[in-house]
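> Here you go, one structure.
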Amino acid sequence: MKAILLVVTAATALAGGVVFAQSGADVLKSKGCMNCHENDKKKVGPAYKDVAAKYKDDKGASDMLVAKLKDGKGHPKVAASDAELKAAVGTVLSTK
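For the sequence shown, the positions run 16 to 111 when the working numbering is used.
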């Protein structure tokens, strides 16, 4: 019975196209964000802690920033999935 359950679970995962999400910090590194940004000091772009402070009370900030990264408006367009962008933005907005 356990073997059948294992096979069914594996088949379902494969059929559903399971994607293992990266952490937000991993996305920031793998997509090159750290080339222009740092957690605590300005480089080419603002420090993540400054971005987090700017949007700390803005409930729509996450969606707005994800859209900005996808569209390339005011920031270079980032080639990443929606899940990757949301993870990265979540990490940036939680920076202290």
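Glycine residues also receive a C-beta, built at the ideal position from the N, C-alpha and C atoms.
DSSP on K57, reduced to helix/strand/coil?
Numbered from 1 along the sequence shown, position 42 holds the residue referred to as residue 57. Note: K57 maps to strand in three-state DSSP.
> Provide the residue span of the alpha helix (DSSP H) that contains T106, from first to last.
Here residue 106 refers to the residue found at position 91 of the sequence shown. Start and end: 97-108.
> Does A98 pass the burial test, meaning 16 or more other C-beta atoms within 10 Å, or should it be called exposed?
Counting from 1 along the sequence shown, the entry for residue 98 is found at position 83. Exposed, because fewer than 16 other Cβ atoms sit within 10 Å of the Cβ of A98.
> Within 10 angstroms of its Cβ, does C51 collect 16 or more other Cβ (buried), or is it exposed?
For the purposes of this step, residue 51 is identified with residue 36 of the sequence shown, where counting begins at 1. When all chains shown are included, C51 counts as exposed.
> Please classify K85: does DSSP put it in a helix, a strand, or coil?
By one-based count along the sequence shown, residue 85 stands at place 70. Reduced to three states, the DSSP call for K85 is helix.
> Whole-angstrom Cβ separation of K46 and V107, contact assumed at under 8 angstroms?
Translated into the one-based positions of the sequence shown, residue 46 becomes position 31. Translated into the one-based positions of the sequence shown, residue 107 becomes position 92. In fact, because the Cβ distance is near 12 angstroms, the residues do not count as touching under 8 angstroms.
> Out of curiosity, what's the CA-to-CA distance linking V104 and N54?
Indexing the sequence shown from 1 puts residue 104 at position 89. Indexing the sequence shown from 1 puts residue 54 at position 39. Spanning the two alpha carbons is a distance of roughly 13 angstroms.
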